[in-house]
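In the working numbering, the protein residues as written are 1353 to 1437.
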């Protein structure tokens, strides 16, 4: 028996596995657009719809729905300059 690990064994041993929804600090949305345990005030569906918009249409949607980009960031529990809170 060889003491040399295969490339697959080495790669797998270095990866940490977290079952869905159990990772510390994880706040994900559900596939149906709902919220899964987070305090987010924006659903996955709303974000998908927003990401499909471009330019003036996207800006108008943000203003209509969230006031401004800072309002959107607050609902996503993030900072517009520093990322996640």
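Glycine is no exception: its CB is placed at the ideal position from the N, C-alpha and C atoms.
Item, Value
"Chain-order list of residues whose beta-carbon lies under 7 Å from that of residue 1410 (same chain, five-residue window excluded)", "1402"
"Residue 1435, DSSP secondary structure in three states", "strand"
"Neighbour-count burial assignment, residue 1405, 16 or more Cβ in a 10 Å radius", "exposed"
"Residue 1428 and residue 1396 closer than 8 Å at C-beta", "no"
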